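In terms of my numbering, the sequence shown is residues 3 to 169.
Every residue gets a Cβ at the ideal spot worked out from N, C-alpha and C, and that includes glycine.
The structure displayed is predicted, hence computed values, not measured ones.
Working notes, structure below.
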Amino acid sequence: MFSKKKQKVDNSSSNNSPLKKISQTPSIISEDVRMTGTLISQGEVQLDGRIDGDIKAEHLVIGSTGVVEGIVEAKSVVVKGKIIGTLNASEVKIQHTAHVNGDVLHDTLSIDAGAVIEGSLKQRFEKENVELINDKSKPSVSEVKVLLKEDDASGLSFTNKKAVEKK
3 MFSKKKQKVD NSSSNNSPLK KISQTPSIIS EDVRMTGTLI SQGEVQLDGR IDGDIKAEHL
63 VIGSTGVVEG IVEAKSVVVK GKIIGTLNAS EVKIQHTAHV NGDVLHDTLS IDAGAVIEGS
123 LKQRFEKENV ELINDKSKPS VSEVKVLLKE DDASGLSFTN KKAVEKK
C-alpha cells in the first residue's frame with residue numbers, strides 16, 4: 003500500500019564527472035572561511051567568506067562580508083561585498099554595500115546608489131551571425147543608377163564616375 007517504486011540506476015562509466023549532478027541547494031562559504039584557489043560550481047554559491055582566486059559559477063551571491071580577489075565568471079552575480087578583479091557575467095546586480103575594484107563585463111547591469119566601482123563597465127554583446135556577401139548580391143556596374151545628371155552644375159554625385167565612364 004505505501005511502497006516506493008524502485009528506480010533503475012545506470013552505473014555506466016561513460017560520464018564519471020563529479021560535476022554533472024546539479025544540486026538545488028546552494029553552496030555556502032561562511033564568514034569564517036578563507037580559501038585560496040579556484041572555485042567551480044554548476045549551481046548557486048553564497049559567499050560570505052574570502053576567496054583568493056577565481057570563481058566560476060552558474061549563480062553567485064557575494065554577501066556583505068564576502069571578498070573575492072580574482073576573476074569572477076557567472077551567469078548571474080549579486081554583489082553586496084567586495085570584488086578585487088574582473089567580473090564577467092550575463093546579469094550583474096551591484097548593491098549599495100558593494101565595492102568593485104576592477105572591470106565589469108555584463109549583458110545587463112543594475113547599480114544601487116552608494117555602491118563603489120573603481121574600474122570600467124563594458125557591455126558584452128552576443129555574437130552576431132555574420133553572413134558573407136557573395137558576388138551575386140553585389141550590384142553590377144550596369145545596375146548602378148546615376149542619381150544626378152552629369153551636366154548638373156552642382157558637381158555633386160552619389161555614384162562612382164569612373165564606374166559609369168567604363169560603361
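{"Query": "Would Val69 pass as a contact of Gly55 if the rule is Cβ separation under 9 Å?", "Result": "no"}
{"Query": "Got a sec: does the ligand FMN put a non-hydrogen atom nearer than 8 Å to the Cβ of Ala59?", "Result": "With respect to the ligand FMN, the structure shown offers nothing to examine, as it has no ligands at all."}
{"Query": "Helix, strand or coil for Gly45, going by three-state DSSP, please let me know.", "Result": "strand"}
{"Query": "Considering only their Cβ atoms, is the gap separating Ile57 from Val35 smaller than 9 Å?", "Result": "no"}
{"Query": "Confirm, please, whether the CB-CB distance from Ser29 to Gly45 is below 9 Å.", "Result": "yes"}
{"Query": "Identify, in the order they occur along the chain, each residue of the same chain with its Cβ nearer than 6 Å to the Cβ of Leu123, setting aside the five sequence neighbours on each side.", "Result": "Val106"}
{"Query": "Using only alpha-carbon positions, find the residue among Asn103, Ser112, Asp114, Lys82 that is nearest to Glu120.", "Result": "Asn103"}
{"Query": "Can you tell me which residues form a DSSP beta bridge with Thr40?", "Result": "Paired residue(s): none; Thr40 is not in a bridge."}
{"Query": "Would you mind sorting His98 into buried or exposed? The rule is 16 or more other CB atoms within 10 Å of its CB.", "Result": "exposed"}
{"Query": "Does DSSP classify Thr110 as helix, strand or coil?", "Result": "strand"}
{"Query": "Of all the options Ser66, Ile42, Ala117, which has the alpha carbon lying nearest to the alpha carbon of Ala59?", "Result": "Ile42"}
{"Query": "When DSSP labels each residue in this structure, what does Val80 get in the three-state scheme?", "Result": "strand"}
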